[in-house]
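Protein chains in written order, with the numbering used here: chain D, 778 to 1115; chain E, 778 to 1115.
The following block contains the structure:
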């Protein structure tokens, strides 16, 4: 690939600098940069350094408060709440994580709710950070109403991802993170740009009819994965990471956006369970049973959910990454015309 | 339908009596009977009074300990553990629920693990019971290794259901409960009995080949729903309600069964979140947002997950239920030839 080769440290320095240039407070800039570097490192181009353009746009358009000071509170002994005050979600997560981990260890289980924060990233960096504390993690977040419930054809749910992490002694954690839609919204966008038709199973047009026109799906409604089961999970994500924590449903979030087409502002719920809680001295034996299950998955030739990311990570850590030339040019232009 | 008409009270009395006749201790008999009556009441024939035959068989064959005394412990401030001591899971749940609710209210979130218990029922009666306490519920349980991971063709996971419940002020809760498989195992069994072929998407034969032979799938491996996403969720259920709580994976459970073909003996994890925890005074407004979402689902002509069960329930409560004549005969024969 033609592009600019960089070490991860160089990429991090560039991302931090550019985010400062657009006016993000230093602590926000560093937290947001870390997420983008993680994405690029793991071969997730769509959640990688490309998001610098998205984040810069969110600041410029006033969607994200650049110097928001996250407010941490403890509404109950096993609950942590961080009000993002309209800024990006990364710093609120960083501020809440130590308390979440401490509470999970003390009580066996704990929950962290991030509210009123701008979300543009994947959930796996956050569940992975929880597993690095030796804890099991579950995470949910709604976004904008782009997805029809099974049995309907009108947008109501967000793409509503669910992520899970399980710490693996001496290795990368077992982590998955997926949207509850048939396909990622970015995938439909790629088809639109390429002028390619999409399968009829991906969504409906604005009149509620099945369509193979990518733009019509983006203007209409995406479908949930797995029929009524995926739809039920999408509704659960709405409830858990919206109303339950005092934040918006995807429908309310899209209405609040008021046509700006900005990144969603809303809630995220992260649960943490301490394996020592139920297991005590039995921990080693039961973690070995989990490892046996992972081995049995791979012995069938099936892949663990994050295998591709970890393979890309290993290469990026030793060899650095290559940023496509056009993207690099766009990044370098950030701030030059402000 | 030709059969025997009964009120729910009559059905309950019959179920309790028959479970006592087979040797189940009275507290177990009452708890198990309640689950079966709930299934029959809600029109779930496969989880209804038919399960009397299954439960009676489990006691007779020694799979379930008929007079097990559940042992309740509190391994951490927000954790409840109930060791089922090899008996049915219903009584351990009953014994653990008050403590789970109390801990969820005190800490904001809590978890109940039931271990070493015999499972034959759906999860929705349990999440519904949690919602009756005004709490939000999530439940998971593995069972026997009958399901291949996505990308593989050999049995490893159980059918691994996930259930969720959200209390609705003045109405039936929002509840879903589904297996993470493409189709219920019982559905494949029905096709086998009827000599009907199954779709190729349902499973693999013992050689790992796609097949339309229902018996071959039962002897081979079922598929997860939604491809790799359903498979990831199935793995999560294994980890959360198996190793994390000190119990078995579905693979270990099937091995422990030793070919008896008995109901699975193992774990179940139930999480409870108190809406008052994060919401405080904001509760009414955010529960109204959830209601608005439910209304928007139904306004599209889509159904809420448990709508069919609640409709059946309303009829059963006013009119009673009809037990098919052959099933009634089988039930009446329980105990007569012991």
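Backbone N, C-alpha and C fix where the C-beta goes; we use that ideal spot for every residue, glycine too.
Keep in mind the model is a prediction, meaning the values are calculated, not measured.
Determine the contact status of residue i and residue j, defining contact as a CB-CB distance below 9 Å.
i: residue 994 of chain D; j: residue 1022 of chain D; result: no
i: residue 788 of chain D; j: residue 1097 of chain D; result: yes
i: residue 1117 of chain E; j: residue 940 of chain E; result: Past the boundaries of the shown model lies residue 1117 of chain E; chain E is included only from 778 to 1115, so the question cannot be answered.
i: residue 1005 of chain D; j: residue 1082 of chain E; result: yes
i: residue 1016 of chain D; j: residue 943 of chain E; result: yes
i: residue 842 of chain E; j: residue 864 of chain E; result: yes
i: residue 1100 of chain E; j: residue 830 of chain E; result: no
i: residue 806 of chain E; j: residue 871 of chain E; result: no
i: residue 999 of chain E; j: residue 938 of chain E; result: no
i: residue 1074 of chain D; j: residue 947 of chain E; result: no
i: residue 854 of chain D; j: residue 854 of chain E; result: yes
i: residue 962 of chain E; j: residue 936 of chain E; result: yes
i: residue 934 of chain E; j: residue 846 of chain E; result: no
i: residue 893 of chain D; j: residue 1043 of chain D; result: yes
i: residue 889 of chain D; j: residue 912 of chain D; result: no
i: residue 954 of chain D; j: residue 901 of chain D; result: yes
i: residue 1066 of chain D; j: residue 978 of chain E; result: no
Taking 9 Å as the CB-CB limit, is residue i close to chain E?
i: residue 896 of chain D; result: no
i: residue 1029 of chain D; result: yes
i: residue 870 of chain D; result: no
i: residue 824 of chain D; result: no
i: residue 884 of chain D; result: yes
i: residue 1086 of chain D; result: no
i: residue 1021 of chain D; result: yes
i: residue 930 of chain D; result: yes
i: residue 992 of chain D; result: no
i: residue 837 of chain D; result: no
i: residue 901 of chain D; result: no
i: residue 1063 of chain D; result: yes
i: residue 975 of chain D; result: no
i: residue 1101 of chain D; result: no
i: residue 1077 of chain D; result: yes
i: residue 1013 of chain D; result: yes
i: residue 1042 of chain D; result: no
Rounded to the nearest angstrom, how far is the Cβ of residue i from that of residue j, given a contact under 8 Å?
i: residue 1041 of chain D; j: residue 896 of chain D; result: 5 Å
i: residue 860 of chain E; j: residue 879 of chain E; result: That belief does not hold up - the Cβ atoms of residue 860 of chain E and residue 879 of chain E are roughly 19 Å apart, past 8 Å.
i: residue 1007 of chain D; j: residue 1078 of chain E; result: 18 Å between Cβ atoms; not a contact.
i: residue 958 of chain E; j: residue 974 of chain E; result: Not confirmed; about 18 Å, so no contact.
i: residue 1055 of chain D; j: residue 951 of chain D; result: 18 Å between Cβ atoms; not a contact.
i: residue 898 of chain D; j: residue 1046 of chain D; result: 16 Å between Cβ atoms; not a contact.
i: residue 836 of chain D; j: residue 801 of chain D; result: 6 Å
Around the Cβ of residue i, are there at least 16 other Cβ atoms within 10 angstroms (buried) or fewer (exposed)?
i: residue 782 of chain E; result: exposed
i: residue 1037 of chain E; result: exposed
i: residue 1092 of chain D; result: exposed
i: residue 815 of chain D; result: buried
i: residue 786 of chain D; result: exposed
i: residue 779 of chain D; result: exposed
i: residue 803 of chain E; result: exposed
i: residue 1106 of chain D; result: exposed
i: residue 850 of chain D; result: exposed
i: residue 976 of chain E; result: exposed
i: residue 1010 of chain E; result: buried
i: residue 812 of chain D; result: buried
i: residue 1076 of chain D; result: exposed
i: residue 796 of chain E; result: buried
i: residue 905 of chain E; result: buried
i: residue 867 of chain D; result: buried
i: residue 818 of chain D; result: buried
Please confirm if residue i has its CB atom under 9 Å from at least one CB of chain D.
i: residue 1073 of chain E; result: yes
i: residue 979 of chain E; result: no
i: residue 1066 of chain E; result: yes
i: residue 793 of chain E; result: no
i: residue 925 of chain E; result: yes
i: residue 1059 of chain E; result: yes
i: residue 856 of chain E; result: yes
i: residue 1115 of chain E; result: With a pLDDT of 45 at residue 1115 of chain E, under the threshold of 50, the modelled position of this residue cannot be trusted, and the question is left open.
Discussion item. Three Cβ pairs or more, each shorter than 8 Å: is that satisfied between the segment 982–990 of chain D and the segment 1026–1037 of chain D?
Written reply: Contact between the segment 982–990 of chain D and the segment 1026–1037 of chain D is absent, because fewer than three Cβ pairs lie under 8 Å.
Worksheet item: Counting Cβ pairs, one atom from each stretch, are 3 or more of them under 8 Å apart for the segment 880–888 of chain D and the segment 1050–1066 of chain D?
Response: Cβ pair count under 8 Å is three or more, so yes.
Worksheet item: On the three-pair Cβ rule with 8 Å, is the segment 923–940 of chain E touching the segment 913–930 of chain D?
Response: Short answer: they don't touch.
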